[in-house]
Amino acid sequence: MSTLHIGIAGAGLAGRTLAWRLLRAGCRVSLFDARVRDDLATASMTAAAMLSPLAELAVADETVFALGQRSMQLWPQWIAELATEGLPVYFRREGTLVVAHAPDQSSLEHFTRLLMHKLPDASRAQVQALDAAALGRAEPALAGRFGGGLMLEGEGQLANDQWMAALAVEIDRLGGSWLEGQAVNAVEEGRITCAGQTHGVDVAVDARGVGAKEGWPQLRGVRGEVLTVECAGVTLQRPVRLMHPRYQLYVAPRPGHRFVVGATELESEDSGPVTLRSTLELASALHSLHPAFGEARVLRLAAALRPALDDHRPAIALRGGVWHINGLYRHGYLCAPALVDGLVHKLLGTENE
């Protein structure tokens, strides 16, 4: 068991997950965050939390794919650990369905060619072409609506709000210190300054996402927008990606006939409310997936900035005596467990065990 005192700036997905794993390893952990723990206006809470290493490979590279594959091994283990503490987190691994309307078949064909070209041989069997009948059997709500599609086997999803809330409870239970709603002024070797007060630590970690931009100029914010609806008239077994010449719409089902819908990815650091154009595009594409969505109740429209580096790869770096975990971009929930697990081993000196 380690007796290290580790200070973590940023209690988003990476920082909060890291704090939990370090506390379980016996470390003393102090979290510092400018936001309160249940703030919804964050990148961690403005996400569909799809676990899609195959689908993302079409727009990512082998590094993200490898991190995703490793994370797919860790997610079930970690969620099971929370469940033993009475903290269930919605998690399913029923694959991803990829479809396109008839005029957009070329987009689906391009996606398929790109994916098969980039996939390692060992993973190609996870991509299954479905005709209309097979698609209808896999996803009855979409029967008769598409001429076919792709099933990406082994992919999954989780409820990010439940994950983040469960971690907050566990961090408290395990004795973590949490200074929330206080601006982080500086993260330096051996200390973190928060709300004007300096706190000494053995190791400092900066996990502030876009908030760390001042000390990492290559970081930038990429705006993402999501729509959350409730629709009793539709039941989906798994996330669905709808191909389109300009974007991929994704629809991630959640308990209680709720659905998280997204597509937009804007090279903008505007963190303001969702635009009318994005709302119309998301809503119309969702309605085209199934007309019953026309009666869906809109529960939330949200936008947040995702931290990205130039190569769009997540990164762990030791810079100026401070460990950084950042650049999770659109791959946060896909890559976070592998990144956090790797950083824990670095901090504890157990990389080769």
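Numbering (the numbering used here), first residue to last: 1 to 353.
Positions of the beta carbon are idealized from the N, C-alpha and C atoms, including for glycine.
Computed from a predicted structure; not experimentally measured.
With contacts defined as CB atoms closer than 8 Å, residue 218 and residue 309 qualify as a contacting pair. Judged by beta-carbon spacing, residue 10 lies beyond the 8 Å limit of residue 320, meaning their Cβ atoms are not closer than that value. In the three-state scheme derived from DSSP, where H, G and I count as helix and E and B as strand, residue 65 is classed as helix.
With contacts defined as CB atoms closer than 8 Å, residue 155 and residue 55 qualify as a contacting pair. Around the C-beta of residue 251, 16 or more other C-beta atoms lie within 10 Å, and the residue is accordingly described as buried. For residue 87, no alpha helix (DSSP H) segment is defined, and its DSSP state is neither H nor E. Under DSSP, residue 148 forms a beta bridge with 131.
Of 132, 134, 133 and 112, the smallest CA-CA separation from residue 124 is found for 112.
Here the C-alpha atom of residue 346 lies approximately 26 Å from the C-alpha atom of residue 34. If one requires a minimum length of 3 residues, the beta strand (DSSP E) runs lying completely within the segment 201-242 are 203-206, 220-230 and 240-242, in chain order. By the CB criterion at 8 Å, residue 64 and residue 313 fall inside the cutoff.
Contact between the segment 189-205 and the segment 127-142 is absent, with fewer than three C-beta pairs closer than 8 Å. DSSP places residue 194 inside the beta strand (DSSP E), whose first and last residues are 191-194.
Under the rule that a run must span 3 or more residues, the beta strand (DSSP E) segments found entirely inside the segment 263-326 read 297-308, 315-319 and 322-326. For residue 95, the three-state secondary structure derived from DSSP is coil. Here residue 112 carries a helix assignment [DSSP, helix/strand/coil].
The three-state reading of DSSP puts residue 177 in strand, counting E and B together.
The DSSP-derived three-state label of residue 4 is coil.
Residue 272 sits close to residue 303, with the two beta carbons spaced by under 8 Å. Contact check for residue 42 against residue 336 fails: the beta carbons are separated by 8 Å or more.
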